[in-house]
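Encoded as structure tokens, the structure appears first; notes follow it.
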Amino acid sequence: MRRAAAGGKRFRPALVAAAYRANGGESPETAGVYDVATAFELLHTAFVIHDDVIDRDTERRGAPNVTGEFAAIARDKGADDAGATLLGDAAGILAGDVLLHEASRTIALADLPAATRAALLDLLDDAVLVSAAGELADVAHAVRRDCPDAADLLAATHDKTAVYSFAAPLRAGALLAGADTATDAALGRAGALAGLAFQLVDDLIGAFASAGDAGRAEGADLRAAKRTPLVALARESPSWAQVDDALAQAWTGPVAVRHAQNALDASGARARLVVLIEDTLSEARAAAADEALPGEMTLLLAQLCDAIQKRIP
């Protein structure tokens, strides 16, 4: 669990601290900012570990994850493949559960006014519920025989990431700084749009980025036959039959992955998704210009949107 929480971009806790400052907050050391920021990083780590169990991944950043390490321990003790998988999955589920608990506990024990603590716990609760619903929808879409429509896939894409990674950390930082309900609502709208754009870029990275840029095998989402908005857009193209055939073979190796990438490109799905990302970022920037937000908060959100746009592969 320590290794799983180590490294990474740390942008969720950074958003908590940055939103606190942008809304006029001072002395983060005494305002509980670092405790709340830590809670969001623990929440993220819990989701990552659970996601690896769901996706049957045994590595993260090129090294065994919790599931992979405990599966290896089981094999060293003489377990067969089924036993190793059972122990690895159990360890991943339990580690994620512990981290979810610790995220709530960190906020519950922070030195905060009772009303602020209650509001933050509500934020965390909402983030957990929405993210769980999004992840379940994502898996449900993956096991269907047919391909869900783009609207359903976009909803799952939003729910998986946008609230816990963007809207909730931004709102938490502003709340700690004493922001009013209008500011909170504006941050929720802008953060949700930025979060959706971020996850859509992640879908492009999972399909097209190199292993070095993606932090996992090139075309990992294609190999896993994930139903993403990229695939939904390809399904709307006249060349869907060719794309579908190419995606069905992507699991077989690098050459098949490259063929699937070329088919997606030729269908126009990649270009359409880039346009969708840019449109979503434009909406996020417009939401960030809400007069309920301080100028520094508007600037922070604009910089966040710029950073997301630069990630497009």
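Mapping of the sequence shown onto my numbering: residues 12 to 324, in sequence order. Yeah, the Cβ is synthetic: ideal placement off N, Cα and C, and Gly gets one too.
6 Å Cβ shell around residue i - same chain, five flanking residues per side excluded
i: L53; result: L110, E113 and A114
i: A274; result: Q253, V254 and A257
i: D276; result: none
i: S278; result: A245, S248, S250 and V254
i: A261; result: L233, R234, A267, V268 and A271
C-beta contact flag for residue i and residue j at 8 Å
i: R200; j: A298; result: yes
i: R238; j: A153; result: yes
i: A203; j: A173; result: yes
i: C35; j: A178; result: The sequence shown places Gly at residue 35, rather than the Cys named in the question. No, these two residues do not count as a Cβ contact at 8 Å.
i: A205; j: I319; result: yes
i: H61; j: G19; result: no
i: L98; j: A106; result: no
i: L211; j: I288; result: yes
i: L140; j: A208; result: no
Of the residues the options, the one placed nearest residue i, counting alpha carbons only
i: P265; options: K237, R246, A231 and S293; result: A231
i: G145; options: F58, R67 and A126; result: F58
i: A269; options: A257, V242 and D149; result: The displayed chain sequence assigns Arg, not Ala, to residue 269. Minimum Cα distance to R269 is reached at A257.
i: D149; options: L132, L181 and D170; result: D170
i: R156; options: A90, A236 and G79; result: A236
i: L186; options: A126, P240 and Q314; result: A126
i: P24; options: G73, L311, R283 and S176; result: S176
i: K321; options: D213, A101, A222 and A42; result: D213
i: D317; options: E294, L304 and A303; result: E294
Closer than 7 Å: residue i CB and nearest the ligand GDP heavy atom
i: G94; result: In the structure on display, the ligand GDP does not appear, and there are no ligands present to speak of.
Rounded straight-line distance, which links the Cα of residue j to that of residue i
i: P159; j: V254; result: 16 Å
i: A243; j: R128; result: 41 Å
i: P324; j: A280; result: 14 Å
i: V64; j: T263; result: 22 Å
i: F219; j: D191; result: 42 Å
i: A33; j: A93; result: 51 Å
i: V285; j: I84; result: 43 Å
i: A121; j: L135; result: 14 Å
i: A138; j: A74; result: 28 Å
i: A222; j: E229; result: 5 Å
Proximal residues to residue i (C-beta, below 8 Å), its chain only, five neighbours per side dropped
i: A28; result: P39, V44, Y45, A48 and G184
i: A16; result: E52, L53, T56 and L110
Spatial neighbours of residue i in its chain, beta-carbon cut-off 7 Å, leaving aside the 5 residues before and after
i: E70; result: N76 and G79
i: R21; result: E52
* To do: Please list the segments of the alpha helix (DSSP H) lying wholly inside the region 58-117, counting only runs of 4 or more residues, in order along the chain.
  => 77-87
* Asked: What runs of the alpha helix (DSSP H), each 4 residues or longer, lie entirely inside the region 165-214?
  -> 179-187
* Counting only runs of 4+ residues fully inside the region 117-161, write out the alpha helix (DSSP H) ranges in chain order. => Annotation: the region 117-161 contains the following complete segments of the alpha helix (DSSP H) (minimum length 4 residues), in chain order: 125-154.
* Asked: Whole alpha helix (DSSP H) runs in the region 222-260 with 4 or more residues, listed along the chain?
  -> Residue ranges of uninterrupted alpha helix (DSSP H) with 4 or more members, entirely inside the region 222-260 and ordered along the chain, are 222-225, 231-234, 240-246 and 251-260.
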